[in-house]
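Colleague:
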Amino acid sequence: MNLKGKDFLSLKDYTKEEIKYLIELGIKLKADQKKGELEQILKGKTLAMIFQKSSTRTRVSFEVAMYQLGGLGLFLSTQDLQIGRGEPIADTARVLASYTDGILIRTYGQEEVEELAKYSKVPVINGLTDLYHPTQALADLMTIYEHKGTLAGLKLAYIGDGNNMVHSLMIGGAKMGMEVRVATPRGYEPKEEIINLSTELAHKHNGKIILTNDVYEAAENADILYTDVWASMGQEEEIEERKKHFQGFQINAKMLELAHKEAIVMHCLPAHRGEEITHEVMEGPQSVIFEEAENRLHAHRAILAAII
Ligand code: CP
Ligand code: NVA
460 MNLKGKDFLS LKDYTKEEIK YLIELGIKLK ADQKKGELEQ ILKGKTLAMI
510 FQKSSTRTRV SFEVAMYQLG GLGLFLSTQD LQIGRGEPIA DTARVLASYT
560 DGILIRTYGQ EEVEELAKYS KVPVINGLTD LYHPTQALAD LMTIYEHKGT
610 LAGLKLAYIG DGNNMVHSLM IGGAKMGMEV RVATPRGYEP KEEIINLSTE
660 LAHKHNGKII LTNDVYEAAE NADILYTDVW ASMGQEEEIE ERKKHFQGFQ
710 INAKMLELAH KEAIVMHCLP AHRGEEITHE VMEGPQSVIF EEAENRLHAH
760 RAILAAII
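Per our numbering, the very first residue in the sequence shown carries number 460; after that it's consecutive.
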């Protein structure tokens with residue numbers, strides 16, 4: 460499998476086999492690290508990491524992943540870069556690509572990431588946009604695979620906002636042959652283009668996409684319960700309004716009773732306890748949330764090792 464030089468902008472650009480390869484590489488590199496046998500395969504390589512939004516996990520795990528593989532991750536806030544003063548992305552892309560071996564960007568518009576990739580001669584990684592969060596979805600698929608030993612045929616119930624997170628899970632889940640059930644309040648459904656794309660992918664790969672406004676319909680007998688914040692970065696002004704519409708869109712003990720008895724609970728973090736998930740469930744025995752967060756590091760090492 461040769462993915463050298465390939466951008467990582469959305470899971471839609473990766474085949475089922477390529478996703479499987481990255482998951483297995485992530486698991487292998489995790490085991491290597493635990494045995495103290497991680498090889499420095501990116502010695503002397505650098506990754507520019509542009510952040511226009513806050514981050515704990517994505518920033519630290521990519522920076523640490525580069526270091527552990529023998530390279531360097533450079534954290535670049537748009538507040539300090541000339542982008543913040545209006546320098547075009549196309550110019551920034553060409554300049555950064557002439558110094559580094561890869562560029563990661565977290566920003567608002569998916570089109571900004573695509574513009575960066577168009578002008579960069581080194582691979583670009585999408586560290587989250589309003590549309591997608593593919594690095595998180597890859598780590599999530601890896602986490603599910605580790606727990607369940609398979610992906611095809613599993614039922615993943617996503618409860619909450621039709622946002623970047625669920626978009627990436629719908630695409631990745633459909634490609635891996637999963638049944639992805641999405642329960643959102645009315646008016647907060649995933650984007651239509653993503654529903655169409657993931658439904659098409661599901662048909663092709665024996666998966667299923669189900670949309671509902673009923674949380675219990677989604678949760679029934681589910682193998683995975685997944686949620687994310689009610690208001691994403693950039694939606695701060697809508698928080699109070701959203702709180703009204705999202706009441707009940709919460710993973711709690713009642714929902715766990717409806718799910719499969721061995722269901723795992725996931726959340727990309729950061730979480731708002733008492734809103735989309737209860738403290739009890741988050742800290743309970745079925746939660747794999749902190750393992751999921753750890754797997755960002757392992758999955759990111761796989762992405763970096765494969766594309767740089
Ligand atoms: N889940 C996730 O991407 O976390 P950060 O915003 O902390 O990077
Ligand atoms: N949907 C959330 C995910 C954060 C990792 C957001 O975009 O803020």
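Cβ coordinates follow ideal geometry from the N, Cα and C atoms, glycine included.
1. Do LYS614 and ASP682 count as a contact pair if the criterion is CB distance below 9 Å?
2. Is it the case that the CB of ALA752 approaches a heavy atom of ligand 4 more closely than 8 Å?
3. Considering just the uninterrupted stretch of the alpha helix (DSSP H) at HIS704, what are its terminal residues?
4. What are the uninterrupted segments assigned as alpha helix (DSSP H) that are 4 or more residues long and contained completely in the stretch 498 to 555, given in chain order?
5. Counting pairs of Cβ atoms below 8 Å between the stretch 560 to 567 and the stretch 505 to 512, do you hit three or more?
6. Evaluate contact between the stretch 733 to 743 and the stretch 596 to 603, counting only Cβ atoms and requiring at least three cross-stretch pairs below 8 Å.
7. Going by DSSP, name the residue or residues bridged to ASN585.
8. Am I right that ALA717 and ALA524 are in contact with their C-beta atoms under 8 Å? What's the rounded C-beta distance?
9. Would you call the stretch 562 to 577 in contact with the stretch 727 to 740, where contact means no fewer than 3 C-beta pairs closer than 8 Å?
10. Closest by CA to LEU715, which one among ILE698, GLU739, HIS704?
11. Excluding the 5 residues preceding and the 5 following ALA752 in the sequence, name in chain order all residues of the same chain whose CB lies nearer than 7 Å to its CB.
12. Determine the closest residue to GLY707 out of VAL581, THR686, LEU481, with distance taken between C-alpha atoms.
13. Any heavy atom of ligand 1 within a distance shorter than 8 Å of the CB on GLN595?
14. Quick check: ASN585 and PHE467, are their CB atoms within less than 9 Å of each other?
15. Does the Cβ of GLN499 have 16 or more other Cβ atoms within 10 Å, making it buried, or fewer, making it exposed?
16. Write down every uninterrupted run of the beta strand (DSSP E) in the stretch 613 to 687 whose length is 3 residues or greater and which is fully enclosed by it, in chain order.
17. Tell me whether VAL747 sits in a helix, a strand or coil according to DSSP, three-state version.
18. Could you check how far apart the C-beta atoms of ALA761 and LEU481 are, in whole angstroms? I think they sit under 8 Å.
19. Is the beta carbon of GLY621 less than 9 Å from the beta carbon of TYR591?
20. Beta-carbon separation of LEU488 and HIS757 under 9 Å?
21. For SER513, is the beta carbon positioned less than 8 Å from some heavy atom of ligand 1?
22. Determine the closest residue to ILE509 out of ASN461, ALA576, LYS479, with distance taken between C-alpha atoms.
23. Within 10 angstroms of its Cβ, does GLN538 collect 16 or more other Cβ (buried), or is it exposed?
24. Return the chain-ordered ranges of every beta strand (DSSP E) run that is complete within the stretch 706 to 748 and spans a minimum of 3 residues.
25. Whose C-alpha, out of LEU656, ILE736, LEU540, ASN680, is nearest the C-alpha of ALA722?
26. Return the chain-ordered list of same chain residues with a C-beta closer than 7 Å to the C-beta of LYS607, the five sequence neighbours on each side being excluded.
27. Could you compute how far the alpha carbon of LYS667 sits from the alpha carbon of ILE653?
Modeller: Here's the rundown:
1. Cβ distance < 9 Å, so ASP682 and LYS614 count as in contact.
2. Ligand 4 is absent from the structure shown, which contains only ligand 1 and ligand 2.
3. 698 to 704 is the span of the alpha helix (DSSP H), which, as asked, contains HIS704.
4. The stretch 498 to 555 contains these whole alpha helix (DSSP H) runs: 516 to 527.
5. The stretch 560 to 567, when compared against the stretch 505 to 512, does touch it at the 8 Å Cβ threshold.
6. no
7. ILE564
8. This sequence places Leu at residue 717; Ala is not what is there. Going by Cβ atoms, the distance from LEU717 to ALA524 rounds to 37 Å, so no, they are not a contact pair.
9. no
10. The alpha carbon of LEU715 has as its nearest neighbour, out of ILE698, GLU739, HIS704, the alpha carbon of GLU739.
11. These residues qualify, in order along the chain: ARG516, LEU728.
12. THR686
13. Relative to ligand 1, the nearest heavy atom lies less than 8 Å away from the CB of GLN595.
14. Judged by beta-carbon spacing, PHE467 lies within the 9 Å limit of ASN585, meaning their Cβ atoms are closer than that value.
15. Classification for GLN499: exposed.
16. 614 to 618, 638 to 642, 667 to 671, 683 to 686
17. coil
18. 5 Å
19. no
20. yes
21. yes
22. ALA576
23. exposed
24. Qualifying beta strand (DSSP E) stretches, in chain order: 723 to 726.
25. ASN680
26. LEU613, ASP682
27. If you take the alpha carbons of LYS667 and ILE653, they lie about 13 Å apart.
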